[in-house]
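Enquirer: Here it is, the structure in full.
Protein chains: 2
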Amino acid sequence: MPAKDYFHEEVREALQRDGWKITHDPYKVEYEDIRLAIDLGAEKLIAAEKGKKKIAVEIKSFLSKSFIYEFHEALGQFLNYRWILRRTDTDRELFLAVSQDVYEEFFPHALVQGMIEEENIQLLIFKPNEKEITKWIKQQNIKDT
Amino acid sequence: MPAKDYFHEEVREALQRDGWKITHDPYKVEYEDIRLAIDLGAEKLIAAEKGKKKIAVEIKSFLSKSFIYEFHEALGQFLNYRWILRRTDTDRELFLAVSQDVYEEFFPHALVQGMIEEENIQLLIFKPNEKEITKWIKQQNIKDT
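Given below as structure tokens:
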């Protein structure tokens, strides 16, 4: 099992340093069925606000041996969470937080880039040591507009 | 780690009994980058043909403790494989094979049903003991047509 929450504190602090107010940590994503909700609740998202903007952040360290295995999991989770948010917390945008090192090493690959664009995955890139957000990446996919 | 290939032989036999010729087992999905390809190759898809129809089948047992965790993984994998197939083996359709029991227990849930429809995931439902395919489910999502 990958070290899921490895960068949790780093991302939380980076968000605060970027002017975000942490409103829920963990932010629990739930939908109807209790049995599914318990499992979903095991993942720890962070919810934050800045002015009128509301976001939820899924953090993936990608520190396990297989990047692609963890990417599958991150992608599936992201799509599930987004599906739920669109029905329960409609003005909150979801971001996948990825460290700068992982972003530079893996995200230029055609498959990863293709999936990110096709599925309109919004990214928050951060430097863990500096606890700093370096980039927000929003996709421009027609499917989601 | 879930028992990934638990129903592999059952699905293979069910396909054969349904008149499919197994052409690749495992069927390796690869795309450009070698490092990603090695990881992708660890998953074992089955490729089959029947007349002019060509399919690839991803098998998920959903026998781990957390259905939703395995569903995230299955969904991410399916989308990745489909993305690659559309660029490398364009007339081959991808199906996710799910046992009848799992299908009846989990797939009626709104979240699962919603994701399956939204992402246009095609399903092959089978009975493992009988080694029999009971249903092919194709989605009618405008995104993929």
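Which chain is which? The protein sequence lines are A and B, in order. What the first sequence shows, in my numbering, is residues 1 to 145, in sequence order. What the second sequence shows, in my numbering, is residues 1001 to 1145, in sequence order. Built from N, CA and C at the ideal position, the CB exists for glycine as well.
1. Taking 8 Å as the threshold (C-beta atoms), are H72 of chain A and N1080 of chain B in contact?
2. For T23 of chain A, which of helix, strand or coil comes out of DSSP?
3. Within the continuous beta strand (DSSP E) that includes F126 of chain A, where are the two ends?
4. Using the Cα positions of Y6 of chain A and E1132 of chain B, report the straight-line distance between them to the nearest angstrom.
5. Provide the residue span of the beta strand (DSSP E) that contains E93 of chain A, from first to last.
6. Please work out which residues of its chain come closer than 6 Å, Cβ to Cβ, to D18 of chain A, disregarding the five sequence neighbours upstream and downstream, and give them in chain order.
7. Indicate whether A1056 of chain B and L1085 of chain B have their beta-carbon atoms separated by less than 8 Å.
8. What in chain B is Cβ-close to E73 of chain A, meaning under 7 Å?
9. The alpha helix (DSSP H) with E1132 of chain B in it runs from where to where?
10. Below 8 Å CB to CB, which residues in the same chain sit around D91 of chain A once its five sequence neighbours on both sides are set aside?
11. Output the boundary residues of the alpha helix (DSSP H) element that contains V1011 of chain B.
12. Which residue or residues does DSSP assign as beta-bridge partners of I1059 of chain B?
13. How many angstroms separate the CA atom of T1012 of chain B from the CA atom of Q100 of chain A?
14. Would you identify the three-state DSSP class for E1030 of chain B, choosing helix, strand or coil?
15. Quick one: what's got a C-beta closer than 8 Å to R1082 of chain B's C-beta in the same chain, skipping five residues either side?
16. Excluding sequence positions up to five away, which residues of its chain have a Cβ less than 6 Å from the Cβ of W20 of chain A?
17. Taking Y31 of chain A as the query, report the chain B residues whose CB atoms sit under 8 Å from its CB, ordered along the chain.
18. Quick one: which chain A residues come within Cβ less than 9 Å of E1118 of chain B?
19. Going by beta carbon distance, what residues of the same chain come within less than 8 Å of F1126 of chain B, once the five residues before and after it are set aside?
20. In whole angstroms, what is the alpha-carbon distance linking P128 of chain A and V29 of chain A?
21. Please go through the same chain and pick out, in chain order, the residues whose beta-carbon is closer than 7 Å to the beta-carbon of M115 of chain A, but skip the five residues on each side of it.
22. Can you say whether S32 of chain A is buried or exposed, counting buried as having 16 or more other CB atoms within 10 angstroms of its CB?
23. Looking only at C-alpha atoms, which of A:Q16, A:H109, A:E104 and A:Q139 sits nearest to N120 of chain A?
24. Beta-carbon of G51 of chain A versus every beta-carbon of chain B: anything under 8 Å?
25. Tell me which same chain residues have a C-beta within less than 7 Å of the C-beta of E1070 of chain B, skipping the five on either side of it?
26. Figure out for me which residue from B:I1068, B:W1136, B:I1046 and B:F1106 has the closest Cα to the Cα of E1058 of chain B.
27. With DSSP as the reference, identify every bridge partner of W50 of chain A, one or two as the case may be.
28. Any Cβ of chain A within less than 8 Å of the Cβ of Y1006 of chain B?
29. When every heavy atom of the ligand FAD is checked, does at least one fall within less than 7 Å of the C-beta of A1014 of chain B?
30. Using only alpha-carbon positions, find the residue among B:E1130, B:L1111 and B:Y1103 that is nearest to W1136 of chain B.
Expert: So, to answer that:
1. If you check the CB distance, N1080 of chain B and H72 of chain A come in under 8 Å.
2. In this structure, T23 of chain A counts as strand in the three-state DSSP scheme.
3. L123 to K127
4. 44 Å
5. R92 to S99
6. I133
7. yes
8. H1072, E1073 and G1076
9. Residue range E1132 to I1137 is occupied by the beta strand (DSSP E) that includes E1132 of chain B, with no alpha helix (DSSP H) assigned at that position.
10. K54
11. DSSP places V1011 of chain B inside the alpha helix (DSSP H), whose first and last residues are H1008 to R1017.
12. B:A1097
13. A quick correction: the sequence has Arg, not Thr, at residue 1012 of chain B. The alpha-carbon atoms of R1012 of chain B and Q100 of chain A are separated by roughly 42 Å.
14. coil
15. L1094
16. Within the same chain, W20 of chain A has close Cβ partners A48 and K50.
17. A1110 and L1111
18. Contact annotation for E1118 of chain B against chain A: L79 and W83 [CB-CB distance below 9 Å, chain order].
19. F1007, E1010, V1011, A1014, A1097, V1098, S1099, Q1100, E1132, I1133 and T1134
20. 25 Å
21. L75
22. Just to set this straight, residue 32 of chain A is Glu in the shown sequence, not Ser. That one is exposed.
23. A:Q139
24. no
25. Listed in chain order, the non-local C-beta contacts of E1070 of chain B below 7 Å within the same chain comprise P1002, K1060, F1062 and S1064, local neighbours out to five positions each way being set aside.
26. Among B:I1068, B:W1136, B:I1046 and B:F1106, the Cα nearest to that of E1058 of chain B belongs to B:I1046.
27. It should be noted that the sequence gives Lys, not Trp, for residue 50 of chain A. In DSSP, K50 of chain A forms a bridge with A:K53.
28. Residue-level contact by beta carbon fails for Y1006 of chain B and chain A, as no gap is shorter than 8 Å.
29. The model depicted lacks the ligand FAD and carries no ligand whatsoever.
30. That would be B:Y1103, whose Cα lies nearest to the Cα of W1136 of chain B.
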